[in-house]
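*Asks:*
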Amino acid sequence: MKSHGFRDTGTFTRSPARPGVTTPSNLARLMRCLDGNANLAIPLRPKGAGSSATDCNKTESGTTVNMTGLDRITHIDTYNHTVTAEAGVRLGALVAALAEEGMELIGNFDQTERTLGGALAAPCMGPGIGDQASMLSTQVIKMKAVLANGKVMTISDTQRHLLSAFRLSYGMLGVIFEVTMKVRPITTFAASHRSMDIDTFAQVSDRLASGNVGLKFYLMPYRNHVYLDLRHYDASNGNAYTTPWKIKDWGESTVLPNVFKSLGRVLPIPSVRYKLIDSISATTHGLVNSKLVGNGNNVAAGGRHRRRKPQNLLYSTWCFPASDFSVVVKAYARFCRESFARTAYRCDLPAAGYRVAQDNSALLSPSFDEPLIALQTLSTQKKGWDDFVLDLSDFAENWGGIPLFNQTVASRPAYIAQTYGGRMEFFKKIRQQLDPDGRLLNPYLARFFK
Ligand SMILES: Cc1cc2nc3c(=O)[nH]c(=O)nc-3n(C[C@H](O)[C@H](O)[C@H](O)COP(=O)(O)OP(=O)(O)OC[C@H]3O[C@@H](n4cnc5c(N)ncnc54)[C@H](O)[C@@H]3O)c2cc1C
Numbered sequence: 001m002k003s004h005g006f007r008d009t010g011t012f013t014r015s016p017a018r019p020g021v022t023t024p025s026n027l028a029r030l031m032r033c034l035d036g037n038a039n040l041a042i043p044l045r046p047k048g049a050g051s052s053a054t055d056c057n058k059t060e061s062g063t064t065v066n067m068t069g070l071d072r073i074t075h076i077d078t079y080n081h082t083v084t085a086e087a088g089v090r091l092g093a094l095v096a097a098l099a100e101e102g103m104e105l106i107g108n109f110d111q112t113e114r115t116l117g118g119a120l121a122a123p124c125m126g127p128g129i130g131d132q133a134s135m136l137s138t139q140v141i142k143m144k145a146v147l148a149n150g151k152v153m154t155i156s157d158t159q160r161h162l163l164s165a166f167r168l169s170y171g172m173l174g175v176i177f178e179v180t181m182k183v184r185p186i187t188t189f190a191a192s193h194r195s196m197d198i199d200t201f202a203q204v205s206d207r208l209a210s211g212n213v214g215l216k217f218y219l220m221p222y223r224n225h226v227y228l229d230l231r232h233y234d235a236s237n238g239n240a241y242t243t244p245w246k247i248k249d250w251g252e253s254t255v256l257p258n259v260f261k262s263l264g265r266v267l268p269i270p271s272v273r274y275k276l277i278d279s280i281s282a283t284t285h286g287l288v289n290s291k292l293v294g295n296g297n298n299v300a301a302g303g304r305h306r307r308r309k310p311q312n313l314l315y316s317t318w319c320f321p322a323s324d325f326s327v328v329v330k331a332y333a334r335f336c337r338e339s340f341a342r343t344a345y346r347c348d349l350p351a352a353g354y355r356v357a358q359d360n361s362a363l364l365s366p367s368f369d370e371p372l373i374a375l376q377t378l379s380t381q382k383k384g385w386d387d388f389v390l391d392l393s394d395f396a397e398n399w400g401g402i403p404l405f406n407q408t409v410a411s412r413p414a415y416i417a418q419t420y421g422g423r424m425e426f427f428k429k430i431r432q433q434l435d436p437d438g439r440l441l442n443p444y445l446a447r448f449f450k
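Sequential numbering of the sequence shown, starting at 1, is according to this note's numbering.
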């Protein structure tokens, strides 16, 4: 990538830098990457585990800065309940190191292959219990980032507004290099499970979304069924076993996608295939979301420690105001069934959902104004997916859905501007100060932030 060439004049000139990927292994190398003299193709795009559903973490014409080489856990402070780690460390490795010291992350997060930087620069959300913050970025008290000019900036909680802009900044203000955040001693919760039809779920969803429980669910629109996973803090300590949670994670995130992908190849008749797919989903969820898991904690419920994102999975996440969800969930099931009847496309995996507490700690927080329900539509069926997510966007816009820049496929810039409003304008002003030449902005993000 660093090529020099002779020209007719006989003087040295730089030939244009080629697009590529660079993986810095220490701060000095990362600073050199961002330095304006580095002769790396622009834009520069930080990438963690690459588990986002949109193009926010890649660039065709510029340089992808792969952060997984910066993966040291610098310090666990069991007295002040903090951890300091580099941005490329995987959540699974961090969770394991904290557990050895009797500590855990605040909040329940699966997808353990994601990196700390990716989980702070983009929403990393899970079912928070009651008003507990649902986003990992809320816990950050200090960050070190390398700016678009190659210089290091330290941002701490004394600079409240700046820290709030850097949380969920999608790598548009700088590349996060090191983070200090709050953790806590391992705390046991009780998990209980129910299953019901969608109308019954709609009736109880208001109560569940406002109660002091962590709500997660799996929705099967074509079978009119919902599996609930409810968590609350009234368990006795010390009795949370990790193995059942690992089996649950394996069933949900490995067995189902792989089996359905194979069925797509060997069973070409859709009516037969989907009948079987729904039976397998119902059986698996009936087993793993039943008596298998009882008590848990944020270490056990994070599932298995993976280094790679699940293969073959397509997903798009929209968030909806929790107060409207009893109506939205019925409309969503209707939308899925009507769309299947009209286009012959349907998702083969149950949609996953969870409650996200109101959280205004980040300027671009999706739940800045009110609690939300995140609804993640998942499938392994590629053919027809692109049209389906366009229809899904129309549906979600009609129901006041809130898109996420890294997890919502096919969201329209005009709708995003309307949803994030003045906060987005304020973010753009900070961006203009920190990256006036747009070195960190790829075409995907430029659609929203130019
Ligand atoms: C099957 C599946 C299920 C998922 N379920 C959930 C879920 O339940 N909840 C949820 O919140 N998310 C979920 N996700 C989405 C995704 O895992 C998260 O958004 C994750 O936090 C992204 O982390 P990453 O390391 O993969 O980041 P990437 O996807 O690589 O990057 C995300 C963004 O952060 C930026 N970035 C990365 N590293 C840095 C850095 N060091 N400094 C500055 N910017 C950086 C990138 O440029 C990009 O804009 C799921 C994804 C998959 C594939």
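Where is the CB? At the ideal position from N, CA and C, for every residue including glycine. Remember, it's a predicted structure, so these values are computed and weren't measured experimentally.
Below 8 Å on the Cβ atoms is my guess for residue 120 versus residue 72; work out the distance and round it to an integer in Å.
*Replies:* At roughly 16 Å, the Cβ-Cβ gap does not stay under 8 Å, so residue 120 and residue 72 are not in contact.
*Asks:* Going by beta carbon distance, what residues of the same chain come within less than 8 Å of residue 160, once the five residues before and after it are set aside?
*Replies:* Nothing meets the Cβ criterion.
*Asks:* Going by DSSP, what residue range makes up the alpha helix (DSSP H) through residue 33?
*Replies:* Residues 27–34.
*Asks:* For the beta strand (DSSP E) holding residue 124, just list the boundary residues, first then last.
*Replies:* First-last for residue 124: undefined, no H or E at that position.
*Asks:* Please name the residue or residues paired with residue 318 in a DSSP beta bridge.
*Replies:* Paired residue(s): 375, 403.
*Asks:* Could you work out which residue in 427, 351, 407, 409 is closest to residue 224 when comparing CA atoms only?
*Replies:* When each option's Cα is compared against that of residue 224, the closest is 351.
*Asks:* Rounded to a whole number of angstroms, what is the C-alpha to C-alpha distance between residue 29 and residue 69?
*Replies:* Going from the Cα of residue 29 to the Cα of residue 69 covers about 11 Å.
*Asks:* So is the beta-carbon of residue 376 under 7 Å away from any non-hydrogen atom of ligand 1?
*Replies:* Checking every heavy atom of ligand 1 against the Cβ of residue 376, one is found closer than 7 Å.
*Asks:* Assign residue 109 to one of three DSSP states: helix, strand, or coil.
*Replies:* Here residue 109 sits in coil by DSSP.
*Asks:* How many Å lie between residue 20 and residue 63 at the Cα?
*Replies:* Their backbone Cα atoms lie some 5 Å apart in a straight line.
*Asks:* Using a Cβ-Cβ cut-off of 6 Å (strictly less than) and excluding sequence neighbours within five positions of residue 47, which residues of its own chain qualify?
*Replies:* 57, 64, 66, listed in sequence order.
*Asks:* On a Cα-Cα basis, can you pick out the residue from 230, 324, 315 that is closest to residue 297?
*Replies:* With distances taken between Cα atoms, residue 297 lies closest to 230.
*Asks:* When burial is assigned at 16 or more other CB atoms within 10 Å of the CB, is residue 6 buried or exposed?
*Replies:* Confidence is the limiting factor: at residue 6 the pLDDT is only 45, short of 50, which leaves the residue's position unreliable and the question unanswerable from this model.
*Asks:* Does DSSP classify residue 357 as helix, strand or coil?
*Replies:* Correct three-state label for residue 357: coil.
*Asks:* Considering Cα atoms alone, identify which of 197, 390, 265 is closest to residue 318.
*Replies:* Here the closest residue by C-alpha is 390.
*Asks:* For residue 380, tell me which candidate among 194, 203, 256 has the shortest Cα-Cα distance.
*Replies:* Out of 194, 203, 256, 256 has the C-alpha closest to the C-alpha of residue 380.
*Asks:* With H, G and I counted as helix, E and B as strand and the rest as coil, what does DSSP make of residue 370?
*Replies:* Correct three-state label for residue 370: coil.
*Asks:* Exposed or buried, which one is residue 180 when buried takes at least 16 other CB atoms within 10 Å?
*Replies:* Classification for residue 180: buried.
*Asks:* Rounded to whole angstroms, what's the CA-CA distance from residue 43 to residue 172? Just pull it up for me.
*Replies:* So the two alpha carbons sit approximately 11 Å from each other.
*Asks:* Just to confirm, does residue 389 get its C-beta within under 7 Å of one of the non-hydrogen atoms of ligand 2?
*Replies:* Absence of ligand 2 from the depicted structure is noted, with ligand 1 being the only ligands included.
*Asks:* State whether the segment 428–436 contacts the segment 337–355, with contact taken as three or more CB pairs (one from each stretch) at a distance under 8 Å.
*Replies:* Contact between the segment 428–436 and the segment 337–355 is absent, because fewer than three Cβ pairs lie under 8 Å.
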